[in-house]
Amino acid sequence: MKELQHLNKYFLKYKIQLLVGTLITIAARIFLLFTPRYVKEIFVVIEKHTKGLITQDAFESELAEAILYIIGAALIGGILTFFMRQAIINVSRYIEFDLKNEIYEQYQKLSLNFYKKNRTGDLMNRITEDVGRVRMYAGPALMYSINTLALFVIVIIYMVNASPKLTLYTIVPLPILSVIIYKLSKEIHKRSTIVQEYLSKLSTFTQESFSGISVIKAYGIEPQTSVNFKSLAAESKAKQISLVKVQAWFFPMMILLIGTSNLLVIYIGGMQYINGEIESIGTIAEFIIYVNMLTWPVATVGWVTSIIQQAEASQKRINEFLKIEPEIKNTINSHTKITGDISFNKVSFTYDDTNIRALNDVSFHIKAGETLAILGKTGSGKSTILDLIGRLYDIDKGTITINDTKIDQLNLTDLRDSIGYVPQDAFLFSDTIKTNIKFGNHDATDDDVIEAAKNAQVHKNIIKFNKGYETKLGERGITLSGGQKQRVSIARAIIKSPKILLFDDCLSAVDTETEEKILKNLDKISKGKTTIIVSHRVSSAKNADKIIVLDNGQIVQEGIHDTLINIDGYYKHLYIKQLSETTTK
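In the UniProt record's numbering, the protein residues as written are 1 to 585.
Structure (C-alpha cells):
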C-alpha cells in the first residue's frame, strides 16, 4: 500500500464526498438488515398461528405488516445504495482526471533526454492502462471496502444479539479466509507487475508499427512484423493467464467457506432449537440470510484485494515517472524582455543517452536583429546549437547569454515565448492546416494565417485542397508532402512574430526557386529579429550577416559569404559543388 499513498492528497481533496458516501453506505446497510429481522418475525408469527396462539386476522395482519416493512426497507436501501455509488464512484472519476493531468503535466516538464530514454508506448500505457487500474482502487475497491466493513460490523452486532454461540460458529471460517487472501495477494501483486510491463511492451510495439507503417510496407516486412507481434502477444497472454489462474482461486474458496458457514448455521442452529436454546426456528432463517448477506461482501474481499494489488503495481510504475526531477527547471519568477542578443562562450555539450560530444568550446556572438547561418557536415552539432538556445538541454561547460544574462537565469517561459522554431523534421498535428499554423499564435486571425502561409510560399498549395485551410491532416501531417509540411512549419513559426527565429534545415525538401522566394520573404519578416539558419545549402546562408562552419562540434570557419568563398575550406568546396550542380541543371 506504500505506493498508493500518493493518492492520499486526492482523497483529502474529495473528503466531503467520501464522508457523505460513507454515511449513506452505513444507512443503506442498516435498512437492508431489516429483511432478516422481519423474516424471523414472519417465522415467529407462523409458529404462533400453527400453535393456535393468535387468530387468523392477527396472523394476516402481522404477516402483511412484516412483508411491508421488508419491501419498504429494501426500497430505501436500494435508493441509498444508488446515491452511495454516485458519491464514491464519481470521486474515482475525479481522481482519474486529476491523476492523468498530473502525469501529463509531469511529462511536459521532463527534458528531451527523458523522451530519448523512454518509449512512447510505455508513456501512453502509464497514463491510460495504469491510471485505469488505479481508478478501480479509488472507486469500486474503496466503495466495496466501505460497504463490506459497514455491513460486516452491523451484521455481527445483530447476530451476537440474536445468538452469541451461533455467531461464533458461523464466523469460524473467516480467519481461514483471511490467511488465504493474504497468501494469494502477494502472488497477485508480483504477477500484476509483470502483466503491466508486458502491456507496455505491446503498446510500444503497436505504436511504433503504426507510426512506421510506410517503412514496413516499403520493405515488405509485414509478415515478419506480424510474427513479432504474435510472439509478444503470446508472451503477454501467458502472463495474463498466469495472473488469472491465481485470481481464479478466490471465488471457489469463498463459496466453499460461505457454504461451510451455512451448513454450520443449519446444523448448530438446528441442535440449539431441538435443545431449546433458541426460541424460534426463525432465528436459523435469520442467520442464513445474514450469512448470505455476508457472502457477496466477503467474496468481494478477494476481488478488492486483487484490484488493490494491481493498482499498487500500476501506481508504482506511475510514481517512477512522477518522482523524476526535471533536468530543465524554471527557477526565475520575474519576467525578462528578450531582445535577441545571443552569445556562446566556450560552450561544450555531450548527449547523455549516447555520450556523444556534440559541441566543444564553441564561441560566437550575434547582435539583436542579425542573421547567423550555420553550415557543416551531418552530425557536426548544428541542430544542437538551436536546441541549446531554446534551453531544451543544459550545457556541460561554458556560458550562453541572451541579453547579457545567463540563459539559466532567464524565465524559461519568456525565453521560449520569444522563439519561433522550425525543426528539421517538420511535425504537424492531426488537425486542420489553419490550427497547425495558429499553433504558433492562438490569437491570430484568419488574415494573419493567410499572410503567414503566403510568406512561407504554401498558400497556393493550401487553397487547392477541397477544404482549403480547414483541411484535416493525417497523423504527423501525412496528408502533405515533405516540402509542404516544412513550409507550414515555417508559417507556424513566423505567425508568432518572435524576437528569435530558428530554422533547422527547414528548406531541404523545397526546390531552389521556392527556396529563393521563401528566403526573400524571410529577409523582410526577420527585420529586427535575430535569425539563425541551419542549412546544407550555400544559397540559404549567403545573405547572412555572419556564417560559421562546424566540424566535429567545433567552429572551423567563420565570416561572411564573400570572404569564405575565397578561403580554401568546407564552405568554398560546398559553394563550388552546388554552383556546378545548378549549372548542370
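Ideal Cβ positions, reconstructed from N, Cα and C, are used throughout, including at glycine.
Assigned secondary structure, arginine 391 (DSSP; H/G/I helix, E/B strand, else coil): Against the sequence shown, residue 391 aligns to sequence position 391. Three-state DSSP puts arginine 391 in coil, outside helix and strand.
Per DSSP, arginine 357 forms a beta bridge with which residues? Within the sequence shown, residue 357 is the residue found at index 357, counting from 1. BP columns for arginine 357 point to Thr350.
Proximity winner among Leu7, Phe205, Gly379, Gly398, relative to phenylalanine 349 (alpha-carbon distances): Counting from one through the sequence shown, the residue named residue 349 turns up at place 349. Of the candidates Leu7, Phe205, Gly379, Gly398, the one whose C-alpha sits nearest the C-alpha of phenylalanine 349 is Gly398.
Whole-angstrom C-beta distance between aspartate 361 and isoleucine 402, which should lie under 8 Å: Stepping through the sequence shown from its first residue, residue 402 is reached at position 402. Stepping through the sequence shown from its first residue, residue 361 is reached at position 361. Incorrect: roughly 20 Å between the Cβ atoms, too far for contact.
Need the endpoints of the beta strand (DSSP E) that alanine 248 sits in, please. On the sequence shown, residue 248 is found 248 positions in, with the first residue counted as 1. Careful: alanine 248 lies outside any beta strand (DSSP E) and carries neither H nor E.
So what's phenylalanine 114 in DSSP terms, helix, strand or just coil? Start at 1 with the first residue of the sequence shown, and residue 114 comes out as number 114. Helix.
Give me, in chain order, the residues of the same chain whose beta-carbon lies closer than 7 Å to that of tyrosine 38; leave out the 5 immediate sequence neighbours on both sides. The sequence position of residue 38 within the sequence shown is 38, counting from 1. Sequence-distant partners of tyrosine 38 (beyond 5 residues in either direction) whose C-beta falls short of 7 Å from its own C-beta, in its chain, are Ala66, Tyr69, Ile70.
Report yes if the CB atom of isoleucine 127 is closer than 7 Å to the CB atom of isoleucine 95, and no otherwise. Against the sequence shown, residue 127 aligns to sequence position 127. Against the sequence shown, residue 95 aligns to sequence position 95. Not a contact, by the Cβ cut-off of 7 Å.
Taking the alpha-carbon positions, what's the aspartate 511 to glutamate 325 distance? Residue numbering aside, residue 511 sits at position 511 when the sequence shown is read from its first letter. Residue numbering aside, residue 325 sits at position 325 when the sequence shown is read from its first letter. A direct Cα-to-Cα measurement between aspartate 511 and glutamate 325 gives close to 44 Å.
Neighbourhood of threonine 435 by C-beta, 8 Å cutoff - its chain only, sequence neighbours within 5 removed: As a working mapping, residue 435 is identified with position 435 in the sequence shown. So the list reads Phe429, once near-sequence residues are dropped.
Residues near glutamate 558 by beta carbon distance below 8 Å, same chain, minus five either side: For the purposes of this step, residue 558 is taken as residue 558 along the sequence shown, with counting starting at 1. If we look at glutamate 558 and ignore the five residues flanking it on each side, its Cβ neighbours are Phe364, Lys546, Ile547, Ile548, Val549.
Where glycine 310 falls: helix, strand or coil (DSSP): Working through the sequence shown from its first residue, we reach residue 310 at position 310. Checking the sequence, you will find glutamine at residue 310 rather than glycine. Of the three classes helix, strand and coil, the one that applies to glutamine 310 here is helix, per DSSP.
Measuring only the C-alpha atoms, how far is alanine 444 from lysine 438? Translated into positions along the sequence shown, residue 444 becomes position 444. Translated into positions along the sequence shown, residue 438 becomes position 438. Distance between the alpha carbons of alanine 444 and lysine 438: 6 Å.
Same chain only: Cβ atoms within 7 Å of alanine 285, ignoring 5 sequence neighbours per side: Position 285 of the sequence shown, counted from the first residue, corresponds to residue 285. Cβ within range, chain order: Val39, Lys40, Phe43.
Nearest to leucine 410 by CA position, among Gly390, Ala313, Phe321, is which residue? Taking the sequence shown and counting its residues from 1, the one referred to as residue 410 is at position 410. Taking leucine 410 as reference, the option from Gly390, Ala313, Phe321 with the minimal CA-CA separation is Gly390.
In its own chain, which residues sit with a C-beta less than 6 Å from the C-beta of lysine 517, not counting the 5 before and 5 after it? Taking the first residue of the sequence shown as position 1, residue 517 is located at position 517. Taken in chain order, the residues that qualify are Gln457.
By the 10 Å Cβ neighbour count, where 16 or more other Cβ atoms means buried, how is proline 223 classified, buried or exposed? Here residue 223 refers to the residue found at position 223 of the sequence shown. Its Cβ having fewer than 16 others within 10 Å, proline 223 is exposed.
Through-space distance from isoleucine 288 to glycine 72, alpha-carbon basis: In the sequence shown, residue 72 corresponds to position 72, counting from 1. In the sequence shown, residue 288 corresponds to position 288, counting from 1. If I take the Cα positions, the gap works out to 21 Å.
At which residues does the alpha helix (DSSP H) containing threonine 438 begin and terminate? In the sequence shown, the residue the question calls residue 438 occupies position 438. According to the sequence shown, residue 438 is lysine rather than threonine. Run containing lysine 438: 433–438, per the alpha helix (DSSP H) assignment.
If you draw a straight line from the alpha carbon of aspartate 568 to that of phenylalanine 114, how long is it in whole angstroms? Looking up residue 568 in the sequence shown gives position 568. Looking up residue 114 in the sequence shown gives position 114. Each residue's alpha carbon lies about 42 Å from the other.
Quick one: Cα of aspartate 447 to Cα of valine 91, how far? Indexing the sequence shown from 1 puts residue 447 at position 447. Indexing the sequence shown from 1 puts residue 91 at position 91. Each residue's Cα considered, the two are about 45 Å apart.
At least 3 beta-carbon pairs within less than 8 Å: the region 311–327 vs the region 1–17: By the Cβ rule, the region 311–327 counts as touching the region 1–17, because three or more pairs are nearer than 8 Å.
Going along the chain, which residues of its own chain have a beta-carbon closer than 8 Å to the beta-carbon of lysine 239, five neighbours each way excluded? Taking the first residue of the sequence shown as position 1, residue 239 is located at position 239. Shown here for lysine 239: same chain residues with a beta carbon closer than 8 Å to its own, the five before and five after excluded, namely Arg191, Ile194, Val195, Tyr198 in chain order.
Terminal residues of the alpha helix (DSSP H) in which valine 510 lies: If you number the sequence shown from 1, residue 510 lands on position 510. Valine 510 -> no alpha helix (DSSP H), and no H or E assigned at all.
Whose CA, out of Ser203, Leu166, Ser261, Gly440, lies closest to the CA of glutamine 272? Along the sequence shown, one-based indexing puts residue 272 at 272. Between glutamine 272 and the set Ser203, Leu166, Ser261, Gly440, the nearest pair of CA atoms involves Leu166.
Under 7 Å between C-beta atoms of asparagine 566 and asparagine 521: Working through the sequence shown from its first residue, we reach residue 566 at position 566. Working through the sequence shown from its first residue, we reach residue 521 at position 521. In terms of Cβ geometry, asparagine 566 and asparagine 521 do not form a close pair [threshold 7 Å].
Simplified DSSP assignment, three categories, for glycine 420: By 1-based counting over the sequence shown, the position of residue 420 is 420. In the three-state scheme derived from DSSP, where H, G and I count as helix and E and B as strand, glycine 420 is classed as strand.
Minimum C-alpha distance to lysine 337 - residue among Asp414, Ala544, Ile154: Numbered from 1 along the sequence shown, position 337 holds the residue referred to as residue 337. For the residues Asp414, Ala544, Ile154, the minimum Cα distance to lysine 337 belongs to Asp414.
Does the region 146–163 come into contact with the region 246–254, if we say contact requires no fewer than three beta-carbon pairs (one atom in each stretch) closer than 8 Å? No, they do not touch.
Taking the DSSP output, what are the residues bridged to threonine 405? Walking along the sequence shown from the start, residue 405 turns up at place 405. According to DSSP, which records beta bridges pairwise, threonine 405 is partnered with Ile402.
Between the Cα of glutamine 106 and the Cα atoms of Val265, Tyr267, Phe321, which residue gives the shortest distance? Against the sequence shown, residue 106 aligns to sequence position 106. Out of Val265, Tyr267, Phe321, the CA that lies nearest to the CA of glutamine 106 is found in Phe321.
Report, in whole angstroms, the separation of the C-beta atoms of methionine 225 and serine 209, which I expect to be a contact under 8 Å. Start at 1 with the first residue of the sequence shown, and residue 225 comes out as number 225. Start at 1 with the first residue of the sequence shown, and residue 209 comes out as number 209. The displayed chain sequence assigns threonine, not methionine, to residue 225. That pair is a contact at about 6 Å.
Identified DSSP bridge partners for phenylalanine 503: Along the sequence shown, one-based indexing puts residue 503 at 503. DSSP links phenylalanine 503 through a beta bridge to Val422, Ile533.
Whose C-alpha, out of Phe83, Glu515, Leu501, Lys377, is nearest the C-alpha of glycine 528? Here residue 528 is taken as the residue at index 528 of the sequence shown, counted from 1. Nearest C-alpha to glycine 528: Leu501.
Starting from phenylalanine 364, follow its DSSP beta bridges and name the residues at the other end. Walking along the sequence shown from the start, residue 364 turns up at place 364. Answer is Phe344.
Use the C-beta contact count for residue 617: other C-beta atoms within 10 angstroms, 16 or more gives buried, fewer gives exposed. The question about residue 617 has no answer here: the residues shown for the chain are numbered 1 through 585.
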